[in-house]
Structures are given as structure tokens and as C-alpha cells.
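Counting in the working numbering, the sequence shown tops out at residue 177, every number present. Even glycine gets a Cβ: it sits at the ideal position worked out from N, Cα and C. Predicted, not measured: the structure shown is a model, and the values here were computed from it. Encoded as C-alpha cells, the structure appears first; notes follow it.
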Amino acid sequence: DPRLTFSKMVGEENLPGGSASEALDPNVGFMLDVCEQSGWLPQTAVAAAVPITLHGNPFAMISLQPLAEVLYRWELSERLAVTGTTGLIQFREDRDSFLQLEQTASIAYLLTDRLDGFVEWEMLIDWGSPGDGSQHMLAGGLAFLWTDSFQVSWKAGVGVSPRAPDFLTGIRFALRF
Numbered sequence: 001d002p003r004l005t006f007s008k009m010v011g012e013e014n015l016p017g018g019s020a021s022e023a024l025d026p027n028v029g030f031m032l033d034v035c036e037q038s039g040w041l042p043q044t045a046v047a048a049a050v051p052i053t054l055h056g057n058p059f060a061m062i063s064l065q066p067l068a069e070v071l072y073r074w075e076l077s078e079r080l081a082v083t084g085t086t087g088l089i090q091f092r093e094d095r096d097s098f099l100q101l102e103q104t105a106s107i108a109y110l111l112t113d114r115l116d117g118f119v120e121w122e123m124l125i126d127w128g129s130p131g132d133g134s135q136h137m138l139a140g141g142l143a144f145l146w147t148d149s150f151q152v153s154w155k156a157g158v159g160v161s162p163r164a165p166d167f168l169t170g171i172r173f174a175l176r177f
């Protein structure tokens, strides 16, 4: 059921040192369901993605910057779910390569048969970047299931730590095959 299928999808994370006015390249990837929820064992999926650059030649990547993450979801009732992600992203900035750990926790509530709302905490931690450290953000958003196979999500939030962006927003599209 894609209605609450992991409100968090790959897409709009902020690069360390980036300003609130910068936009990131979109990511293209896949997500594969691994197991259904069984008691305390959450519904689990894995995702992988790479960005498609919008700067200059979109087919000439300076470096591959892959994202890999594990997504998990506990359905507490027909309308309420707790979700989370744990991911690792490799970045290349100014000829230096570094890793970024991403951890999220969300609560999603199904408002109608096709619309859910969610609140989310997101933490990003850098290793080896010019400004090692963490960023913490709080956000909320809506996810609308247009068809049984196509979902659109919108998220807006604020940074709650010194390195985090003041404001962030993003739109995600999810297509189920």
C-alpha cells in the first residue's frame, strides 16, 4: 500500500556549508521492499540513488555521489505510522570526498484515503567534510496518492542547530512499478 509507504524518499537533503538559497540536483533511484511488518519487526525496504546534475552537461558527472539507505515503518493503527531511515551518502566537494550519515524519524497520519500528513526530525552528520559536524532539522508535510502507483509529497522545515539551513523545502515524486 503506497499511501504511507515511507514518507521519506531520497531527494532534497542539504549539502554541508550550503546556503538556504541553493538547490540540489534531483536524485533518481529505486526502492525495494524487503519484508512486511511482523510484530515489532518493521516493514523494511532498501533504497539507492544517484543525483542527476542540472549544471552544464547533465550526462557528465564529476564524481558519482551515491546514496544508500534502509527505510523502516511501524504501522500503529490503520491511520498512524512511525517511520525512519538510516542512510549513507558519499559527497565530493572542492576535490575532497566525504561521507554523510542521515538519520530520520517521522510520524505519519492518514488524513483521508489519499492524503497523509507527517512530521519529521532529520539529522545529517559529516565525516571528512570541510566543516565536520551535524545538522538537525524539523519538518512537516503532506503526501498525496494521485493513483495507486503515483505519489507526490511536499515537505517544509526549519533548522534547529547552528549548521542546519534556516529553511528547507522539497517536493518528491514516487512511482511504483
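Between residue 160 and residue 137, the gap from beta carbon to beta carbon is short of 8 Å. For residue 65, the three-state secondary structure derived from DSSP is coil. Secondary-structure assignment with DSSP links residue 84 through a beta bridge to 72 and 105.
Looking from the CA of residue 112, the closest CA among 139, 105, 132 and 146 belongs to 146.
Sequence-distant partners of residue 133 (beyond 5 residues in either direction) whose C-beta falls short of 6 Å from its own C-beta, in its chain, are 163. Considered as a whole, the segment 103-169 harbours 115-127, 133-147 and 150-159 as its complete beta strand (DSSP E) runs of no fewer than 3 residues, in chain order. One Cα belongs to residue 175, the other to residue 109, and the distance between them is close to 21 Å.
The alpha-carbon separation between residue 141 and residue 83 amounts to approximately 14 Å. Residue nearest to residue 87 within the set 49, 116, 167 and 79 is 49 (criterion: CA-CA distance). Per DSSP, the continuous beta strand (DSSP E) segment holding residue 51 begins and ends at 43-51. Contact annotation: residue 79 and residue 42 have beta-carbon atoms that are not nearer than 8 Å.
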